[in-house]
Amino acid sequence: MAVRLLKVSSVATAVFASSGFYLYSKNVDFNDLSIIRFGRAAATTAVISYDYLTTLRDVQYGTEEYWAVKSKVHRRSAERLRDLCCANRGTFIKVGQHLGSLDYLLPEEYTSTLKVLHSRAPQSSMEEIRQVIREDLGQELSDLFIQFEEKPQGAASLAQVHKAVLPDGRTVAVKVQHPKVQRQSSKDIVVMEFLLQVVHWLFPDVAFMWLVEEAKKNMPLELDFLNEGRNAEKIADMLKQFMFLKIPKIHWDLSTKRILTMDFAEGGQVNDREYMRKHGINVNEISRNLGKIYSEMIFVNGFVHCDPHPGNVLVRKCPESNKTEIVLLDHGLYQVLNQDFRLDYCRLWQSLIKGDLKGIERYSRRLGAGDLYPLFACVLTARSWTSVNAGISQTPVTQSEDVEIRTNAALYSVQQISELLNRVPRQMLLLLKTNDLLRGIETILQTRASSSSFINMSRCCTRAIARHKRSKTKSRTRLLQISLCELWSLCQIDLYELMLWLRSSALARWVRYLLNCLPYTN
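Each step along the sequence shown adds one to the number in numbering that gives the first Met the number 0, with nothing skipped, and position 458 is 457.
Right, dumping it as structure tokens:
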């Protein structure tokens, strides 16, 4: 038996060695082999699962020691997951970035560790870039551009962007897809689906199949750059009333499913406070305008740009008018909200702003949260349940509140959080990610305490609901009534905004100062 086993192992070793030598001689990147990518993912999943099973087994649940040990396991596991995403690249990095944006839903150890994936994206070589351009546009790079910077302006999980100059002198940005991503993505998603099913079998409380469902639906759309170009033109038309918003023009003659050519946009990233200081850009104005853009997308149009991380939002001063502008990039991932969902979401936010607990419960349940509506409300607003009770527009954001939210979130089990994510409509998942990315920008700009975002939301919700009511009636009397109610609600919002401005203005401070200086008499 031992001799037979020795023979089998010898043959296997010889086959493996010869295969390895053959692949090496053909300059095959081992990272491109499905078996290598699957093996790496399976090994990481096994190590993480074993760590949780063995480390927490002998620690009493609920004790301080348990939470401390669990936090260490979370951190180790998050680092292993991050390393896996960096090694397998492509779809793995994209999914890891999504997980890293789910603050208040996943443990902090995971979100803080996975956030670095936005800066760990791979780069394709210039030869690979030339090959994609040659295959898709049918010409050599030098025939299409008189100048093409070899160093990319930025690299992401699916593509990288190069600055180039056209023969007529116009400067453009050329987004080129990593050549192997298209081929690997579908296989990677199958691997993720299989491994998540294994994890669910080992840990029944952990059910993250929603993640695979989202990847299956969104990856083909994100890998089609013609779809991205159409999205860019659609949102530019929808938001044309905002003169401060700029969407780069698409050059369709130089665009394919793997290449997107657009006007080059100068500017600093929205989280670069030093850039804004140097260029005289008001951070409050940027935060307020960004809120206007996204409130209009979500509540009024139901067509939402779902990847507003800082690299996709640039700010600048217009050279001609000297006015501040926001440039929105990367239009591959949009969420289309159906009407019933959008209106329930509008009414939920109105209830959250006012502190209407009955409305919060009612519309949270209609959006699938069930008995977990308190958790849902806190996750949606990134506010504590105390603030939600009082009305989030009435209570200022404090640093201690983030700690309170995470402490309260820890009281919910992984099963409850997984249940919530699997229960809410799929449209909600990308909105949660979008909300967290926007809040991250506000936190960096130090504008989270501003009430302007709630004012913008209130206006858009009021307009959206009134527009829906008008579409449901033909009675002139009823149409007039709806329009008057809408006008009155918008006037109330304007008066509230004016009151806030007066309260914080220099005039109000002078009035308070003079009143304090008046002699006091009985």
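Where is the CB? At the ideal position from N, CA and C, for every residue including glycine.
{"Item": "Selection from L194, A264 and C490 that minimises the alpha carbon distance to Q152", "Value": "A264"}
{"Item": "Cβ pair count under 8 Å reaching 3, the stretch 192-200 against the stretch 102-114", "Value": "no"}
{"Item": "Coarse secondary structure for R365, derived from DSSP in three states", "Value": "helix"}
{"Item": "Ordered list of alpha helix (DSSP H) runs contained in the stretch 252-318, each at least 4 residues", "Value": "272-277 and 282-294"}
{"Item": "Contact check, I249 vs L136, beta carbons under 9 Å", "Value": "no"}
{"Item": "Range covered by the beta strand (DSSP E) that runs through K216", "Value": "Unbroken run through K216 is the alpha helix (DSSP H), M208 to E221; no beta strand (DSSP E)."}
{"Item": "First through last residue of the alpha helix (DSSP H) which encompasses E192", "Value": "V180 to L201"}
{"Item": "Cβ-Cβ separation, I481 to C345 (assumed contact under 8 Å), whole Å", "Value": "Going by Cβ atoms, the distance from C345 to I481 rounds to 15 Å, so no, they are not a contact pair."}
{"Item": "Selection from P178, E192, P247 and I234 that minimises the alpha carbon distance to R169", "Value": "P247"}
{"Item": "Residue closest to L497, alpha-carbon to alpha-carbon, out of A235, I454 and K316", "Value": "I454"}
{"Item": "Helix, strand or coil at M205 according to DSSP, with G and I counted as helix", "Value": "Checking the displayed sequence, the identity of residue 205 turns out to be Val instead of Met. Reduced to three states, the DSSP call for V205 is coil."}
{"Item": "V131 in three-state terms, based on DSSP", "Value": "helix"}
{"Item": "Residue span of the alpha helix (DSSP H) that contains T170, given as start and end", "Value": "No alpha helix (DSSP H) contains T170, which is instead part of the beta strand (DSSP E) from T170 to Q176."}
{"Item": "Buried/exposed call for P307, threshold 16 Cβ in 10 Å", "Value": "buried"}
{"Item": "CA-to-CA distance, F243 to I34, given in whole angstroms", "Value": "49 Å"}
{"Item": "Which of helix, strand or coil DSSP assigns to A155", "Value": "coil"}
{"Item": "9 Å Cβ cutoff met for V312 and L327", "Value": "yes"}
{"Item": "Proximity below 9 Å, CB of Q300 to CB of D187", "Value": "Residue identity check: residue 300 is Asn in the sequence provided, not Gln. No, the pair does not count as a contact, with Cβ atoms beyond the cut-off."}
{"Item": "I234 classed as buried or exposed, judged by whether at least 16 other C-beta atoms fall within 10 angstroms", "Value": "buried"}
{"Item": "Distance, L32 Cα to E78 Cα", "Value": "23 Å"}
{"Item": "Option nearest A172 by Cα separation, candidates A206, G228 and A120", "Value": "G228"}
{"Item": "Assigned exposure category for N337 - 16 Cβ within 10 Å defines buried", "Value": "exposed"}
{"Item": "Segment contact, 8 Å Cβ cut-off, at least three pairs: the stretch 64-81 with the stretch 380-387", "Value": "no"}
{"Item": "Close beta carbons around I280, own chain, < 6 Å, minus the five adjacent residues each side", "Value": "V314 and T323"}
{"Item": "Nearest neighbour of L83, chosen from T90, R39 and K114 [CA to CA]", "Value": "R39"}
{"Item": "Residue burial classification, A42 (beta-carbon count within 10 angstroms, cutoff 16)", "Value": "exposed"}
{"Item": "Under 9 Å between C-beta atoms of V175 and V189", "Value": "no"}
{"Item": "Residue environment, Y49, which counts as buried when at least 16 other CB atoms sit within 10 Å", "Value": "exposed"}
{"Item": "Straight-line Cα distance separating C305 from S363", "Value": "21 Å"}
{"Item": "Cβ shell of S24 (< 6 Å), same chain only, five flanking positions each side left out", "Value": "At S24, the pLDDT of 49 sits below 50, so the modelled position is not reliable and the matter cannot be decided from this model."}
{"Item": "Reduced DSSP secondary structure (H/G/I, E/B, other) of V423", "Value": "coil"}
{"Item": "Three-way DSSP call (helix, strand, coil) for T53 in this model", "Value": "helix"}
{"Item": "R462 versus G290 - alpha carbon distance", "Value": "16 Å"}
{"Item": "As assigned by DSSP and simplified to three states, the class of A120", "Value": "coil"}
{"Item": "L489 and R458 closer than 9 Å at C-beta", "Value": "yes"}
{"Item": "Beta-carbon proximity list for E360, same chain, < 7 Å, skipping 5 on both sides", "Value": "Y372"}
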